[in-house]
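According to our numbering, the sequence shown holds residues -19 to 111 in order.
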Amino acid sequence: MDSNRELAKYRINSANEILADAKLLYDHDSYNSSASRSYYAMFNALRAILALDGRDFKKHSAVISYFQREYIKTRTFDAEISDFVRTAFAIRSDTDYQDFFEVSAEDAKRQIDNAAEVISAVTEYLHRHFD
């Protein structure tokens, strides 16, 4: 269990670091990259929870599905968290794979705010389970 806790701490710290990167990119008008980093901040936060469960998956969609099944459907987390992650995943996919896809400044800022909210909710959850 201690190794799972250490991994969860590492992943939530990583999520915070990635969110800081998203903010820097936003400040330099790199909105596509900022939105992508915001998604990865959320993704690492979810993986912090999975670490406590001793679970991990290679595919992003599997991580998101597991989180929805085990934590959203059970109402451990508000459904809004799932909406934030699904939207960020779609935007990240569009920025990576669609030509001419542009994230607006407003959308990039929204992704940063949503990532901060996801990280905050996960951090609170982790604190309750670390005590």
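The beta-carbon is built from N, C-alpha and C at its ideal position, and this holds for glycine as well.
Checklist entry - Short check: CB of N115 to CB of L26, under 9 Å? => result Given a span of -19 to 111 for the chain in the structure shown, any question on residue 115 remains unanswerable.
Checklist entry - Are V83 and I71 touching if we call contact CB-CB under 9 Å? => result yes
Item to check | Which listed residue (I99, E97, T103, R17) has its alpha carbon closest to that of D76 | outcome: R17
Next on the checklist: I need the straight-line Cα distance from D(-18) to F81, nearest angstrom please.
Outcome noted: 43 Å
Checklist entry - In whole angstroms, what separates the C-alpha of A21 from that of I(-2)? => result 5 Å
Checklist entry - Taking the alpha-carbon positions, what's the Y51 to A59 distance? => result 9 Å
Checklist entry - What separation, rounded to the nearest whole angstrom, lies between the Cα atoms of A0 and N24? => result 13 Å
Next on the checklist: Going by DSSP in three states, T67 sits in which element: helix, strand or coil?
Outcome noted: helix
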